[in-house]
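S.K.: Take this structure first; my questions come after.
Residue numbers (this note's numbering): 120 to 692.
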């Protein structure tokens, strides 16, 4: 009796284990997967493509409940980071030969086609889907051939693919010897060779020879002679570039509108009045300091405005200049000669707390504040009377350009090529900042007089100027007009004219000329070099010394699985 009960229990246990084993085996055999994935690719003469994908899946109601979805990339980047957008247009979707509901959802780099009815659950079993669509801009054009580099299955499927294959049909018959085909299998970036190929006069076939696991795919490359399909010309490529890169289009539009606007505004307010006749003058216009002459003539403040003022203060006896190597030192002196308002402001700020200052970077704060005081004094006396900067007219185009940049940034439309019109727009505004400044009629007349005085300063043969009673060439005249020569950028020409004068003085008196306000290397035989040093070098030293430290700087077989067009992947839903 006991023996019989033990036998019954053993039989029940065996039956249970057998059932469990069969259930496990059945579950393993019935997992969701893609049984076959075949793609028919028709390449047309206009370079577009019609693709028919036949996908047979086994559904068990797990991930595949209502149907499948197919991801298709439509946005790529070229080597420069510019966007490339291809077309994807579904033509028909069927399941088991019958039309199947579908809809498209946008994704980060493309679209997802959902196939199936959201309100209907699929019966478990095998289902065959067919997705037919058109796409373009998928071909590659090279010097000696054209090609299709196509990711047949995509590498983004959630299921393994038991069998993958593709056929490619060209628009015309081509000799087999003129065709070349190769492929790649495996995960993204792999160069697996688990496939076979077959060429025909109309194209090629490729068939995978192994199972593709989830996230693995099949890629094919077919090459053919040039001229078989349309190749985009430079105009087509330019249109593609603009259509694909909205940021570029926005930036170009901002550049073009800015250029048109700035040209119109410049014609209205930025054009200089017509220059009058220029007659030589052996005196500068009365009532203007060398610094104010340069400020008006250049319609702005620069380091040479400051240099001309420093030299003029030295000539008038208010300071001395000492040069040792490349270091300049300014020492305060006493004088009673009349000063222009701008010179008064400069002198008061330069020696505010000291009687001597080195033109060194460590004194950049004092020097920059002195230049600011000088610039503000000149601006107050001359800006609105003699010329206008007209900066306010730049505001609309600058605001519009900044708005375009904000839109590009917010919509994430920035690419490498967008930088080109952005930089050009920046340069355009920088140029028009200079061009927009315009002299008034009073300013233009003064500029004409300064041009006449400049003629006198730079022409060595004074007889050529037909001047009546020109002043004698004396050391006093040299020093008096040296600041003006610096202001008008003719210091070298002016100084060179006095080399013979100073040699004559030395021959007559035995004494060499030397400015009383300058201490440093000096030779009356090299007056041009002295003028260059005191003009250009001093300006450079001032520029360097007035800048805060740290504000500048000192310092065939090339493919792989998952590459090419097409691709994407899919799953169940």
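Where is the CB? At the ideal position from N, CA and C, for every residue including glycine. Keep in mind the model is a prediction, meaning the values are calculated, not measured.
If you reduce the DSSP assignment to three classes, tell me which class residue 353 lands in.
M.R.: Looking at residue 353 - three-state DSSP - the assignment turns out to be helix.
S.K.: Is it the case that the Cβ atoms of residue 326 and residue 296 are separated by a distance below 8 Å?
M.R.: Taking 8 Å as the Cβ cut-off, residue 326 and residue 296 do not qualify as a contacting pair.
S.K.: When burial is assigned at 16 or more other CB atoms within 10 Å of the CB, is residue 214 buried or exposed?
M.R.: By the 10 Å Cβ count, residue 214 comes out buried.
S.K.: Should residue 589 be labelled buried (16 or more other beta-carbon atoms within 10 Å of its own) or exposed?
M.R.: So residue 589 ends up on the exposed side.
S.K.: Which of the three DSSP states, helix, strand or coil, is assigned to residue 374?
M.R.: DSSP places residue 374 in helix when its eight states are reduced to three.
S.K.: I believe residue 258 touches residue 166 by the beta-carbon criterion, under 8 Å. Please report the beta-carbon distance rounded to the nearest angstrom.
M.R.: Contact flag correct, Cβ pair sits at about 5 Å.
S.K.: Here's a check: name, in chain order, each residue in its chain whose Cβ is nearer than 8 Å to the Cβ of residue 641, leaving out the five neighbours to either side.
M.R.: For residue 641, where only same-chain residues beyond five positions count, the Cβ hits under 8 Å are 633, 634 and 649.
S.K.: If you follow the beta strand (DSSP E) that residue 204 is part of, which residue opens it and which one closes it?
M.R.: Note, residue 204: beta strand (DSSP E), 202 to 204.
S.K.: By Cβ distance below 6 Å, which residues in the same chain neighbour residue 186 in space, the five residues on each side in sequence not counted?
M.R.: Within the same chain, residue 186 has close Cβ partners 234 and 235.
S.K.: Among 547, 639, 532 and 172, which has the Cα closest to the Cα of residue 374?
M.R.: The shortest Cα separation from residue 374 among 547, 639, 532 and 172 belongs to 547.
S.K.: Identify the continuous beta strand (DSSP E) that holds residue 157 and give its terminal residues.
M.R.: That run of the beta strand (DSSP E) goes 152 to 162.
S.K.: Do residue 255 and the ligand HEM come close, with the Cβ less than 7 Å from some heavy atom?
M.R.: As for the ligand HEM, it is missing from this structure, which has no ligand bound.
S.K.: Does the count of Cβ pairs from the region 165 to 180 and the region 300 to 308 closer than 8 Å reach three?
M.R.: No: the two stretches stay apart, fewer than three of their Cβ pairs being nearer than 8 Å.
S.K.: Report all residues from its chain with a CB closer than 7 Å to the CB of residue 558; omit the five preceding and five following residues, and keep chain order.
M.R.: Taken in chain order, the residues that qualify are 391, 392, 418, 505, 506 and 566.
S.K.: Is residue 465 closer than 8 Å to residue 451 when the C-beta atoms are compared?
M.R.: Cβ distance not < 8 Å, so residue 451 and residue 465 don't count as in contact.
S.K.: Unbroken beta strand (DSSP E) runs of length 3 or more, entirely within the region 391 to 415: which are they?
M.R.: List check, beta strand (DSSP E) in window: nothing returned.
S.K.: Just tell me which of 158, 163 and 180 has its CA closest to the CA of residue 692.
M.R.: For the residues 158, 163 and 180, the minimum Cα distance to residue 692 belongs to 180.
S.K.: Suppose contacts are defined by Cβ-Cβ distances below 8 Å. Is residue 568 in contact with residue 400 by that definition?
M.R.: It is a contact, given that the beta carbons lie within the stated cut-off.
S.K.: Return the bridge partner residues of residue 314 from the DSSP annotation.
M.R.: Per DSSP, 327.
S.K.: DSSP beta-bridge partners for residue 168?
M.R.: 162 and 254.
S.K.: Would you mind giving the Cβ-Cβ distance between residue 267 and residue 203, rounded to the nearest angstrom? I have them listed as a contact below 8 Å.
M.R.: Rounded, the Cβ-Cβ distance is 16 Å, inconsistent with contact.
S.K.: Provide the residue span of the alpha helix (DSSP H) that contains residue 517, from first to last.
M.R.: Residue 517 -> alpha helix (DSSP H) spans 514 to 529.
S.K.: Considering residue 208, what are the terminal residues of the beta strand (DSSP E) in which it resides?
M.R.: Taken as a continuous stretch (DSSP letters only), the beta strand (DSSP E) holding residue 208 covers 207 to 214.
S.K.: Which residues does DSSP list as the beta-bridge partners of residue 336?
M.R.: Answer is 305, bridged to residue 336.
S.K.: For residue 223, which residues does DSSP report across the bridge?
M.R.: 232.
S.K.: Would you verify that the beta carbon of residue 405 is, or is not, closer than 8 Å to some beta carbon of chain B?
M.R.: The structure shown contains no chain B; it holds only a single protein chain.
S.K.: Which class does residue 540 belong to by DSSP, given the choice of helix, strand or coil?
M.R.: Of the three classes helix, strand and coil, the one that applies to residue 540 here is helix, per DSSP.
S.K.: Who are residue 438's beta bridge partners in DSSP?
M.R.: Per DSSP, 451.
S.K.: Determine the direct distance from the alpha carbon of residue 509 to that of residue 253, and round the result to whole angstroms.
M.R.: Cα to Cα, the separation comes out at about 56 Å.
S.K.: Measuring CA to CA, which of 344, 282 and 476 is closest to residue 261?
M.R.: It is 344.
S.K.: CA-CA distance, residue 287 and residue 316?
M.R.: Rounded to the nearest angstrom, the two C-alpha atoms are 11 Å apart.
S.K.: For residue 445, tell me which candidate among 523, 607, 656 and 484 has the shortest Cα-Cα distance.
M.R.: Nearest of 523, 607, 656 and 484 to residue 445, Cα basis: 656.
S.K.: So is residue 433 buried or exposed if we call it buried at 16+ other beta carbons inside 10 Å?
M.R.: With 16 or more other Cβ atoms within 10 Å, it is buried.
S.K.: Kindly list the residues whose CB is nearer than 6 Å to the CB of residue 409, restricted to its own chain and excluding five residues on each side of it in sequence; keep chain order.
M.R.: These residues qualify, in order along the chain: 427, 431, 602, 603 and 606.
S.K.: Any contact of the region 224 to 234 with the region 262 to 281, i.e. 3+ C-beta pairs under 8 Å?
M.R.: Touching, no.
S.K.: With a threshold of 7 Å on Cβ separation, who are the neighbours of residue 570 within its own chain once the five nearest residues in sequence on each side are excluded?
M.R.: The residues are 397.
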